[in-house]
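Just below is one structure, and these are the notes that go with it.
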Amino acid sequence: MSFGGIQALDGVSFSVSPGTIHGIIGPNGAGKTTLINCISGQFTPSGSIRYGDHELTRLRAHERIGLGIARTFQHINIYGELSVLDNVKIGGHHRLQSRWLHQCLYWGPFGCSREETRLHNEAMVLLETLDMEDVAELPAGELSYGQQKRLEIGRALLGQPSLLLLDEPMAGMSRQEKNNLSEWIRQISRELSVTILMIEHDMSVIQALTEQVVVLDFGRKIAEGTPREVVQDQRVRIAYLGEE
Amino acid sequence: MDYFAGLLINGILVGAIYSMVALGFVLIYKASKVLNFAQGELLMIGAYFCLELVIRLQTGIVAAFLLTLVLMSVMAVLIERLILRRMMHAPVMSVVMVTIGLGIMLRSVVLMVWGPITIHFPSFITDVPFDLGFVRVSVIYIYGFLICVAFMLFFGLFFRYTRTGLVMRATASSQVAARSVGVPLHQVFALAWVVAAIVSAAGGVITGAIAGLTPDLSAYGVRVFPAVILGGLDSIVGTTIAGVLIGVMEELGGGYLRDWTGLSGLGPVIPFFVLIVVLWIRPHGLMGSKQIERI
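Protein chains in written order, with the working numbering: chain C, 174 to 417; chain S, 4 to 298.
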């Protein structure tokens, strides 16, 4: 994967086992977000990305959620003008059976309401676990930073993903918030059996949460292993932790 | 008083048409960030379609009008499918250039088929003006106004309450995030074009029914621009209010300036003064979103 003359990702190869929490670390500009963008379909790399039996590079971005691949973004990317509830509900959009013409005809309580009601109820349950049921009708843009971050994960979850890509879900959070969010992510992974691939800078979060870690530097994979193995790797210490 | 009321009513009607056409403009901009410079030509061609249907099919204006909307929807889908989808990843400026080209082509078609002359609809509505009490208004103005209000109300509710409306609002808010939850962007763009074509055609038929049809109807595309900017480019409510404001300013200003200066045709200039002033002092318009540069 390259942009102009810059090789953003070069021969990166690794695999993620189902049901695990996998970390991606590396210095700024290492290609971590580019990697996630390739998996979620924002970019099409040369090479191959396989998910189960499916070759992802042949699928367009909006089709990948159909395989169960959902994501969040490094910079908060919620629908600020829409209500919190609508933000979550649209996460389940791809699960709707009705065709789009039918969806035009859904007016409040009429039309294809059973599906919509189910989605609505699921969204409300999710908002309760997020402790956001009180703000469900507020424009999402008015939420606090931490709430917006969690809302984004909530939106992805309503798509019932089997693989969840999290791009720095804890950036800018306090220690306490990070602990809570880590606990929630662990819970998601265990109870919903969602595979999680997350980019994170905080090594204590990585050590507490992930089972496997891939380290990128200048678009190349420089190490892979358990968090413990990785922090002891000489190349990682030089590239990432700044040791000579 | 009568003079003022007459100008005011005129202004409100013209403004309602601006609002409705601007809705299409704003919608395409919100969905795909493309400024559609063929909006006026869509309005023009819609009016000619309706004229042709009225004359050839002899079905009466209502059926012809509805059929026009269907035809325009098909044309919008074709425009998206054949021209714009290939340019999904092209720079926005290129797409804007394509809409300008599209407009020129549509205008040429009209010139070839119908010529540069003014054509009038066969009269289908009573000439007897309707008495509002303080002023008498021709019936077609009242119908025109009601149609505009009905269309805007309909689409307003559609965006607010349907699943498709939600998808469109989400796409307007963030294309990348919408795609990540499985929204096929090209369908949303196509629908935005369909709505734009429908409201433009409606505006074209109303204007054409009042003043007759000429290829100059396409100038509406530029004339709604001040309303779009005053409204804030990406705000549907703002544009609706701005459309009526601009219409009223144009008519009142044009009317009184003509009396004072003896020069006619000053009315259409006023909105562009407003445009310039708005861009100076409040570039995000009445209700548009402020662009904040992250540095």
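Don't be surprised by glycine CBs; every beta carbon is placed ideally from N, CA and C.
Here the structure is a predicted model, which is why all the values come from computation and not from measurement.
- Inter-segment contact for the region 93-108 of chain S and the region 24-41 of chain S is present: three or more beta-carbon pairs are separated by less than 8 Å.
- Using a 10 angstroms sphere on the CB of S:Glu254, the tally of other CB atoms reaches 16 or more, which defines it as buried.
- Bounds of the beta strand (DSSP E) holding C:Met371 are 368-372.
- Taken in chain order, the unbroken stretches of alpha helix (DSSP H) that lie wholly in the region 34-75 of chain S and span 4 residues or more are 42-60.
- Looking at S:Leu54, S:Thr71, S:Met91, S:Gly246, the one whose alpha-carbon comes closest to that of S:Val225 is S:Gly246.
- Considering only beta carbons, the part of the region 163-187 of chain S lying closer than 7 Å to chain C consists of Tyr164, Thr165, Arg166, Thr167, Leu169, Val170, Arg172, Ala173, Ser176, Ser177, Val179, Ala180, Arg182, Ser183, Val184, Gly185, Val186, Pro187, in chain order.
- In the structure shown, C:Phe246 adopts coil according to DSSP, grouped into three states.
- The C-alpha of S:Leu149 is placed about 31 Å away from the C-alpha of S:Arg285.
- Taking a C-beta cut-off of 7 Å against chain S, none of the residues of the region 361-381 of chain C qualify.
- Under the Cβ distance rule, C:Ile358 does not count among the residues neighbouring chain S, no pair being separated by less than 8 Å.
- The way I'd put it, the region 196-215 of chain C does touch the region 388-402 of chain C; three or more beta-carbon pairs between them come closer than 8 Å.
- For S:Asp262, the enclosing alpha helix (DSSP H) has its first and last residue at 239-264.
- It is roughly 33 Å from the alpha-carbon of C:Tyr318 to the alpha-carbon of S:Ile244.
- When only Cα atoms are considered, S:Glu44 and S:Ile107 end up about 8 Å apart.
- Three or more beta-carbon pairs separated by less than 8 Å are not found between the region 299-310 of chain C and the region 229-247 of chain C, which leaves the two stretches without contact.
- By the Cβ-count criterion, S:Pro119 is exposed, with fewer than 16 other Cβ atoms from all chains shown falling within 10 Å of its own Cβ.
- For C:Gly332, a Cβ of chain S is located within less than 8 Å of the residue's own Cβ.
- When the alpha-carbon of C:Phe246 is set against those of C:Ala412, C:Ser213, C:Gly192, the nearest one is in C:Ser213.
- Under the three-state reduction of DSSP, S:Tyr223 is assigned to helix.
- Residues of the region 222-236 of chain C whose Cβ lies closer than 9 Å to any Cβ of chain S, in chain order: Arg233, Ala234, His235, Glu236.
- Residues of the region 385-405 of chain C that bring their beta carbon within less than 9 Å of a beta carbon in chain S are absent altogether.
- Listed in chain order, the non-local C-beta contacts of C:Val261 below 8 Å within the same chain comprise Ala296, Leu299, Leu300, Leu324, Gly327, Arg328, Leu331, local neighbours out to five positions each way being set aside.
- For C:Ala396, the enclosing beta strand (DSSP E) has its first and last residue at 393-398.
- In this structure, C:Gln385 sits near C:His195, with a CB-CB distance shorter than 8 Å.
- In the three-state reduction of the DSSP assignment, S:Val208 falls in the helix class, which pools H, G and I.
- Interface flag for C:Ser213 against chain S is set, since a Cβ pair is found closer than 8 Å.
- With respect to the C-alpha of S:Met75, the residue from S:Val208, S:Ile58, S:Val280, S:Asp262 having the closest C-alpha is S:Val208.
- Among the residues facing chain S, C:His195 is not included, as its CB has no counterpart in that chain under 8 Å away.
- A check of alpha carbon separations from C:Gln360 across C:Glu315, C:Gly192, C:Phe187, C:Ser188 identifies C:Gly192 as the nearest.
- In the DSSP assignment, C:Gln320 falls outside any beta strand (DSSP E) and within the unbroken alpha helix (DSSP H) covering 318-331.
- S:Val202 and C:Leu182 have their C-alpha atoms spaced approximately 47 Å apart.
- Rounded to the nearest whole angstrom, the C-alpha separation of S:Asp262 and S:Phe158 is 39 Å.
- Between C:Val367 and C:Met305 a beta carbon distance of about 20 Å is seen, past the 8 Å cut, so the two are scored as non-contacting.
- Interface with chain S (8 Å Cβ-Cβ cutoff): C:His293 is excluded.
- Residue-level contact check: C:Ala203 does not touch chain S, since none of the beta carbons of chain S fall below 8 Å from its beta carbon.
- Within the same chain, Cβ atoms closer than 8 Å to the Cβ of S:Ala175 are found at Lys33, Ala34, Asp237, the five residues on either side in sequence being excluded.
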